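S.K.: So the sequence shown is residues -22 to -1, 1 to 414, counted in mature numbering (1 follows the signal peptide of the UniProt record, and there is no 0). Glycine included, each C-beta is placed from N, C-alpha and C at the ideal position. Since this is a predicted model, take the numbers as computed values, not measurements. Here it is, the structure in full.
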Amino acid sequence: MAIKRRASSVLALSITTALLVAGCGGGGESEAPSENELFKNPVTLTWWHNASQDGPGKTYWEKVAKDFNTLHPTVTIEIEGIETNQLQRTRLPAALLSSDPPDIFQSWGGGEIREQVEADYLKDITDQVKDEVANIGGAAGIWQVDGKQYGLPYRMGIEGIWYNKEMFAKAGIAAPPTTFDELNEAVTKLKAINVIPIAVGAGDKWPAAHWWYNFALRACSVDTLKKASLELNFDDQCFVKAGQDLKTFIDTKPFQPNFIATPGQNDPTSANGLLANGKAAMELMGDWNKGTLDTVAADKEALSKFLGWFPVPAIAGSPGDPKAALGGGDGFACAKNAPPECVEFLKYIVSPEVQKGYAETGTGLPVAKGAEAGVADPALKSILEATTEATYVQLWLDTAFGSTVGNAMNDAIVAIFAGNGTPEKVVEAMKAAARK
């Protein structure tokens, strides 16, 4: 149930600090309620987020809601955790079309939030969150449309490859791969010791699609990717090349059996369950993966000892920037008719103290300045360092291009994984969706 979209603004990020140069959008038409109007009468907020599994993330959001209620007893928060794929592709689009959407809900920014704004689903919070935007910095811009703020991020980082250091050592892999040639060598060495080299959850589509995104990041120049985000122009042959490179990689058989039906992050049988429980050596995933790995690991202590992370390798001689990375974040937005307390709760979520507590859960990297001290996990520290060192960070392509193009693109990419798609059909699907 996709919302039709128009051309998106440039959504790629240029990250130069741990999260980012301060900046904020232009003024909005929204008016902040007076202090006397807030927290005067009983209010119930419905909150949808994607921490659906029992674990540190879900537990922390419950604490945040309870703490906010303690500060403001007139506000009751009803929480529902929904798996990401179901939330983003089914539940949330349907709810926004209804007359009773959740008050505050997960938002990924970019072209997706532009679609929601154009459909008049979201509350303009520009005037109320100027201080928060200034503290977050440039990352807040992904939740802006035409200079107005419609949501705020709480997590931001790049993706990379999570890996089992013990398996690497057993296979004789001395250091994490820095090029795809080295990654292919690592795959061969891991097969030689009867280890699944890479786990992928193609059953949920987007985890598989992210492999294509990274090949596009290497095949396409930064300018080409920016133009694609701005104009939805996919004429450059680099997009076909991304599919060709993906097919070549799939043909090396780096993934587990029946990967086309494997879920991404649901349970011990999912792709991250295979990594977490020592049944696969690698998984491509974002900075939030540490929390989901903890959730599905049978032995969390063993996981903490063997888990490592490295950036997606470069491809020698490719036009793409070898130090560019794919990344993005998670945030929240308020429905257009949500009570003003919704905005106050959103501001509370991104406050430095709450952000520091979020960082301490190990489920992702915070965005608020002053929260960095909460990042203690070695793998997350590696991601934080790599994020600051990346010369260019491209927003997740399905988010950057909007859900209409993004869903069509992901479906066509997964068809390559299934053996019945082609590189050309991916681009054809993207172009067809862009014309809708």
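Go ahead and pull the three-state DSSP assignment for LYS231.
M.R.: In the structure shown, LYS231 sits in coil (DSSP, three-state: anything other than H, G, I, E or B).
S.K.: For THR22, report the span of its beta strand (DSSP E) as first-last.
M.R.: Counting along the chain, the beta strand (DSSP E) containing THR22 begins and ends at 21 to 27.
S.K.: Please report the Cβ distance between LEU343 and ASP265, rounded to the nearest whole angstrom; I am assuming they are in contact, meaning their Cβ atoms lie under 8 Å.
M.R.: 5 Å between Cβ atoms; contact.
S.K.: My parser needs the alpha helix (DSSP H) runs of 4 or more residues fully inside the segment 107 to 167; what are they?
M.R.: Fully enclosed alpha helix (DSSP H) runs of 4 or longer: 108 to 114 and 143 to 148.
S.K.: Please confirm whether GLY340 and PRO34 have their CB atoms less than 8 Å apart.
M.R.: Yes, the Cβ-Cβ distance between GLY340 and PRO34 is below 8 Å.
S.K.: For PRO20 and LYS41, I'd like the C-alpha separation in whole angstroms.
M.R.: Using only the alpha carbons, I get a separation of about 20 Å.
S.K.: Return the bridge partner residues of LEU262 from the DSSP annotation.
M.R.: ILE139, per the DSSP bridge assignment.
S.K.: Considering only C-alpha positions, which residue in the set LYS183, ALA354, LYS219 and PHE146 is nearest to LEU253?
M.R.: Closest option to LEU253, Cα to Cα, is PHE146.
S.K.: Give me the residue from TRP140, GLU58 and ALA97 with the minimum Cα distance to ASN255.
M.R.: Measuring from the Cα of ASN255, the nearest candidate turns out to be TRP140.
S.K.: Our contact map puts TYR99 next to LYS268 with C-beta atoms below 8 Å; I'd like the distance itself, whole angstroms only.
M.R.: Going by Cβ atoms, the distance from TYR99 to LYS268 rounds to 32 Å, so no, they are not a contact pair.
S.K.: Would you report the Cα separation of GLN84 and ALA407, rounded to the nearest angstrom?
M.R.: Answer to the nearest angstrom: the Cα atoms are 27 Å apart.
S.K.: Just the C-alpha distance for GLY404 and PRO297, rounded to the nearest angstrom, thanks.
M.R.: Sequence inspection shows Val at residue 404; the Gly mentioned does not correspond to that position. Going from the Cα of VAL404 to the Cα of PRO297 covers about 20 Å.
S.K.: How should GLN122 be labelled, buried or exposed, when 16 other C-beta atoms within 10 angstroms of its C-beta is the threshold for buried?
M.R.: Label assigned to GLN122: buried.
S.K.: Any idea what DSSP makes of CYS198, helix, strand or coil?
M.R.: Three-state result, CYS198: coil.
S.K.: Just how far apart, CA to CA, sit PHE310 and LYS108?
M.R.: The straight-line gap from Cα to Cα measures roughly 16 Å.
S.K.: Taking the beta strand (DSSP E) that GLN333 falls in, what are its first and last residues?
M.R.: Per DSSP, GLN333 belongs to no beta strand (DSSP E); it is in the alpha helix (DSSP H), 330 to 338.
S.K.: At which residues does the alpha helix (DSSP H) containing PRO34 begin and terminate?
M.R.: That run of the alpha helix (DSSP H) goes 34 to 49.
S.K.: Kindly indicate which three-state DSSP category ILE394 falls into: helix, strand or coil?
M.R.: Reduced to three states, the DSSP call for ILE394 is helix.
S.K.: How would you call ASN142, buried or exposed, if buried means at least 16 neighbouring beta carbons within 10 angstroms?
M.R.: Buried is the call here.
S.K.: From GLY125 to ALA97, what does the alpha carbon distance come to, in whole angstroms?
M.R.: Looking at the two C-alpha atoms, the distance is approximately 17 Å.
S.K.: In the DSSP assignment, what residue or residues form a beta bridge with CYS312?
M.R.: Paired residues: ILE82.
S.K.: For ALA72, does the count of other Cβ atoms within 10 angstroms reach 16, so buried, or fall short, so exposed?
M.R.: Classification of ALA72: exposed, given that the 10 Å Cβ count is below 16.
S.K.: If we call anything under 8 Å between Cβ atoms a contact, is PRO241 one with GLY305?
M.R.: Their beta carbons are not under 8 Å apart, which means PRO241 does not touch GLY305 by this criterion.
S.K.: How long is the line joining the alpha carbons of ALA(-1) and GLN234, rounded to whole angstroms?
M.R.: Residue placement at ALA(-1) is flagged as unreliable, the pLDDT there being 32, under the threshold of 50; the coordinate-derived value follows with that caveat. Approximately 43 Å between the Cα atoms of the pair.
S.K.: Taking the beta strand (DSSP E) that TYR370 belongs to, which residues open and close that run?
M.R.: Residues 370 to 373.
S.K.: What are the start and end residues of the alpha helix (DSSP H) that includes PRO71?
M.R.: Start and end: 70 to 75.
S.K.: Pull up the CB-CB distance for ARG92 and ASP308, whole angstroms please, since I reckon it's below 8 Å.
M.R.: With a Cβ gap of about 17 Å, ARG92 and ASP308 do not count as contacting.
S.K.: DSSP three-state label for ILE238, please.
M.R.: Correct three-state label for ILE238: helix.
S.K.: Under the DSSP definition of a beta bridge, which residues are partnered with PRO289?
M.R.: BP columns for PRO289 point to GLY138.
S.K.: Using 10 angstroms around the beta-carbon of LEU203, count the other beta-carbons present and answer buried if the total reaches 16, otherwise exposed.
M.R.: Its Cβ being crowded by 16 or more others within 10 Å, LEU203 is buried.
S.K.: Is the Cβ-Cβ distance between PHE379 and SER199 less than 8 Å?
M.R.: Cβ distance not < 8 Å, so PHE379 and SER199 don't count as in contact.
S.K.: Does DSSP classify PRO297 as helix, strand or coil?
M.R.: In the structure shown, PRO297 sits in coil (DSSP, three-state: anything other than H, G, I, E or B).
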